[in-house]
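**Q**
In the numbering used here, the protein residues as written are 4 to 209.
#1: Could you tell me the distance, in whole angstroms, from the CA atom of residue 128 to the CA atom of residue 196?
#2: If you reduce the DSSP assignment to three classes, tell me which class residue 91 lands in.
#3: Anyone know if the C-beta pair for residue 83 and residue 108 falls short of 8 Å?
#4: Taking only runs of the alpha helix (DSSP H) that begin and end inside the segment 92-159, which ones reach a length of at least 4 residues, in chain order?
#5: By DSSP's criteria, residue 162 is part of a beta bridge. Which residues make up the other side?
#6: Tell me which same chain residues have a C-beta within less than 8 Å of the C-beta of residue 118, skipping the five on either side of it?
#7: How big is the Cα-Cα spacing for residue 9 and residue 30?
#8: Assuming residue 34 contacts residue 103 (C-beta within less than 8 Å), just tell me the rounded distance between them.
#9: Please state if the CB of residue 19 and the CB of residue 124 are separated by a distance shorter than 8 Å.
#10: Taking residue 40 as part of the beta strand (DSSP E), name the residues at either end of that continuous run.
#11: Checking 8 Å against the spacing of the C-beta atoms, do residue 11 and residue 39 come in under that value?
#12: Sorted by chain position, which residues of the same chain lie with C-beta nearer than 7 Å to residue 170's C-beta, five sequence neighbours on each side aside?
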């Protein structure tokens with residue numbers, strides 16, 4: 004974590020201004036979610052075996068013993084906002100598009116160019132299943148990069164694991180491959196592999 008000096012702060016606001024301007028043009032409404040959330044929110048959305056939850060999340064405890072966390076990413080908070088009881092009407096009036104930005108926190112070993120507190124901008128779409136929405140969001144990112152004058156230094160790459168059946172086949176092949184090399188995996192990787200195998204068996208037996 005560090006202080007942000009005026010020169011860098013001005014650059015950050017320039018980037019955020021461009022991102023917010025373009026996201027509004029694409030129909031995304033800005034919202035703000037709490038920096039501190041219930042820790043269960045991230046455990047339930049990411050899984051307790053994920054690196055973010057098991058290694059990188061800042062855990063806190065309030066005076067009543069409730070487990071809290073500094074948000075490591077923005078998607079979970081936006082989903083919680085949409086589904087919360089006081090905003091219940093939103094889920095019945097889909098689709099919705101939201102944008103957000105703010106500080107996120109990861110308790111990981113700092114590396115060059117990375118810090119435990121960082122600023123993230125993101126967009127989320129709910130109730131829209133068309134692949135054109137994905138194309139819109141990718142185009143939105145490209146517009147932001149272009150408007151910031153980074154087109155010649157940033158390469159936009161698109162990756163996909165296909166549809167649900169493709170992802171299941173990929174997961175099965177990957178799991179088998181990792182099982183065959185289990186003795187060469189780190190302790191953390193073996194533990195995560197075991198959890199994946201247990202969850203798959205549970206699903207098959209349910």
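Glycine is no exception: its CB is placed at the ideal position from the N, C-alpha and C atoms.
**A** On the basis of the coordinates in this document:
#1: 31 Å
#2: helix
#3: no
#4: 134-150
#5: According to DSSP, residue 162 bridges with nothing at all.
#6: 4, 5
#7: 31 Å
#8: 6 Å
#9: yes
#10: 39-41
#11: no
#12: 164
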